[in-house]
Amino acid sequence: MTDPLPDTAARIAALEGRLIAQRRILMRLLGGLPAESRAGLLDWLEERAVLRDGQEDPGAVPAEGAALELALADEMRLMRQELARHDDRSG
């Protein structure tokens, strides 16, 4: 069977599209939570929005394998910002 997405760029674009769709669904679901649940979630996301690598300036010194952890922290930060904006618009 031939691969429908043989090109690496096409594979990356397809993965990115799927991630964006999943993120939109997730944010819609989170936005529908009761206010007290969203407040707890905002706190939880804020705790995870900064990479805790023991450095004075987290992430300043690239460590092997840190790209995944940096991406996770960045996504938590972005999700927290989006959820906080939702609360500001709804509140």
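Counting in our numbering, the sequence shown runs from 1 upward without gaps.
Glycine included, C-beta positions come from ideal geometry on N, C-alpha and C.
Burial state of residue i, where buried means 16 or more other Cβ atoms lie within 10 Å
i     : result
Ala73 : buried
Arg80 : buried
Leu15 : exposed
Leu33 : exposed
Asp83 : According to the sequence provided, residue 83 is Leu. The question's Asp does not apply to it. Flag for Leu83 reads buried.
Residue i in three-state terms, based on DSSP
i     : result
Gly32 : coil
Leu41 : helix
Glu64 : coil
Ala49 : coil
Asp7  : coil
Does the stretch 29-48 touch the stretch 9-18, meaning 3 or more C-beta pairs lie closer than 8 Å?
The answer is no - the stretch 29-48 does not touch the stretch 9-18, with fewer than three Cβ pairs under 8 Å.
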